[in-house]
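Chemist: Structure below; questions to follow.
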Amino acid sequence: MSSIMGQPTELAWQVDKVQFFILLVMAFCFVACNAVLIYFMLRYRRKSPDQEVSTVAGNHVLEIVWTAIPTVVCFIIFYYGIVVWTDLRTPPEDAMEINVTGQKWSWAYEYADGRTVATDLYVPQGEAVRLVMKSVDVIHSFYIPEFRVKEDVVPSYYTNVWFKAEKPGSYNIFCAEYCGIEHSGMLGKLHVLTPEEWEAWQKEAEALKAMPPHERGKNLFSSRGCAGCHSIDGSSGIGPSIKGLYGSAEELANGSTVQVDENYLSTSILRPNAQIVAGYQPNQMPAFEGQLKEQDISDLIAYIKTLK
Ligand code: CUA
Numbered sequence: 081m082s083s084i085m086g087q088p089t090e091l092a093w094q095v096d097k098v099q100f101f102i103l104l105v106m107a108f109c110f111v112a113c114n115a116v117l118i119y120f121m122l123r124y125r126r127k128s129p130d131q132e133v134s135t136v137a138g139n140h141v142l143e144i145v146w147t148a149i150p151t152v153v154c155f156i157i158f159y160y161g162i163v164v165w166t167d168l169r170t171p172p173e174d175a176m177e178i179n180v181t182g183q184k185w186s187w188a189y190e191y192a193d194g195r196t197v198a199t200d201l202y203v204p205q206g207e208a209v210r211l212v213m214k215s216v217d218v219i220h221s222f223y224i225p226e227f228r229v230k231e232d233v234v235p236s237y238y239t240n241v242w243f244k245a246e247k248p249g250s251y252n253i254f255c256a257e258y259c260g261i262e263h264s265g266m267l268g269k270l271h272v273l274t275p276e277e278w279e280a281w282q283k284e285a286e287a288l289k290a291m292p293p294h295e296r297g298k299n300l301f302s303s304r305g306c307a308g309c310h311s312i313d314g315s316s317g318i319g320p321s322i323k324g325l326y327g328s329a330e331e332l333a334n335g336s337t338v339q340v341d342e343n344y345l346s347t348s349i350l351r352p353n354a355q356i357v358a359g360y361q362p363n364q365m366p367a368f369e370g371q372l373k374e375q376d377i378s379d380l381i382a383y384i385k386t387l388k
């Protein structure tokens, strides 16, 4: 642990060391140059108005020295930087893979066993994790400041970052690419779990698989943030309440009426703008197309059916 100087990952400390090294070199140059400048100002200042000024045409030896030394220092900085950068870009082969999806304006994660979580990411302590990332809309940037990892998340192209968290705890996840009005709210937490916590979390995943569909749907409804806009008690929010929704007849903004069945619900989750209910605004809800699996949608529908 001491080799990482209290940092959450070894690489974070490696990156910091490069920064400190550059800072140290720059600080030395700054102090040295200014010391010489001040010394020369005092030592060679004009002492009387009629003092003759000496003229120096040049000094080849000096010029070679002050070109060669900084060049060597620059190459040392470059070499040191590229060694650490290569480590940052080269995940270990046995790294655990997690898929990351960036979407206006949230993060979603999918584990190898098919488990999905949104906003917050959970990883085991001391295990290398590789995030395979893509965006479904615009360019985002996945950023964990404390781990010193940041990478653009772009549509139709996979990018990746990796890290090995040594210290359990919670760390901020930011979007570091201006991606629209809610960019500043595109936040999340990375939770690094101890082996025991990770074990418990895995067990929870098993329990979730054995749950009846409407229970899973209920969990999704809160974990995916649906509850923020859709009430379950019949009161009106940014979106219509889901209480008593299934089987009812909804009047749409275009004047037509639709019978709420599985297809209407599925379409409204995947492409919310397709059928806007009268009295509500379009473009309020993110499209979940490509975000939810078939199973998730049928679980959500099962949950909505229970709210009579
Ligand atoms: Cu996504 Cu900023």
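Under the numbering used here, think of the first position of the sequence shown as 81, with each following residue one higher. Beta carbons: idealized from backbone N, C-alpha and C, even for Gly.
1) With a threshold of 7 Å, establish whether the CB of M266 neighbours any heavy atom of the ligand CUA.
2) Does the distance from the CB of K184 to the CB of E262 come in under 8 Å?
3) Span of the beta strand (DSSP E) holding L211?
4) Quick one: what does DSSP say V232 is sitting in, helix, strand or coil?
5) Report the rounded CA-to-CA distance for L91 versus I157, giving the unit in angstroms.
6) Count Cβ pairs between the stretch 188-200 and the stretch 228-235 that sit closer than 8 Å; are there 3 or more?
7) Grab me the residues of H294's own chain with a C-beta within less than 8 Å of its C-beta, minus the 5 sequence neighbours each way, in chain order.
8) Rounding to the nearest angstrom, what Cα-Cα distance links L345 and D96 in this structure?
9) Please classify Q371 as buried or exposed, where buried requires at least 16 other C-beta atoms within 10 Å of its C-beta.
10) Looking at C-beta atoms only, is the number of pairs between the stretch 165-179 and the stretch 272-287 that lie closer than 8 Å three or more?
11) Relative to the alpha-carbon of C113, which residue among P150, N343, V180 and M291 has its alpha-carbon at the smallest distance?
12) Please report the distance separating the alpha-carbon of G138 from that of Q99.
13) Fully enclosed by the stretch 143-186, which beta strand (DSSP E) runs are 3 residues long or longer?
Modeler: Taking the structure as given:
1) Start at 1 with the first residue of the sequence shown, and residue 266 comes out as number 186. Answer for M266: yes, Cβ within range of the ligand CUA.
2) Position 104 of the sequence shown, counted from the start, is the residue given in the question as residue 184. Position 182 of the sequence shown, counted from the start, is the residue given in the question as residue 262. E262 sits close to K184, with the two beta carbons spaced by under 8 Å.
3) Translated into positions along the sequence shown, residue 211 becomes position 131. A208 to S215 is the span of the beta strand (DSSP E), which, as asked, contains L211.
4) Here the question's residue 232 lines up with position 152 in the sequence shown. Residue identity differs from the one stated: residue 232 is Asp in this sequence, not Val. Reduced to three states, the DSSP call for D232 is strand.
5) Indexing the sequence shown from 1 puts residue 91 at position 11. Indexing the sequence shown from 1 puts residue 157 at position 77. CA-to-CA, the gap between L91 and I157 works out to about 17 Å.
6) Contact fails: fewer than three Cβ-Cβ distances are below 8 Å.
7) Residue numbering aside, residue 294 sits at position 214 when the sequence shown is read from its first letter. Closer than 8 Å at Cβ, skipping near neighbours: D379, A382, Y383, K385 and T386.
8) As a working note, residue 345 is residue 265 in the sequence shown. As a working note, residue 96 is residue 16 in the sequence shown. In this structure, the straight-line span from the alpha carbon of L345 to that of D96 is close to 50 Å.
9) Counting from one through the sequence shown, the residue named residue 371 turns up at place 291. That one is buried.
10) Not touching, per the Cβ criterion.
11) Translated into the one-based positions of the sequence shown, residue 113 becomes position 33. The closest CA to that of C113, considering only P150, N343, V180 and M291, is found on P150.
12) Stepping through the sequence shown from its first residue, residue 138 is reached at position 58. Stepping through the sequence shown from its first residue, residue 99 is reached at position 19. CA-to-CA, the gap between G138 and Q99 works out to about 35 Å.
13) If we require 3 residues or more, the beta strand (DSSP E) runs fully inside the stretch 143-186 come out as 176-183.
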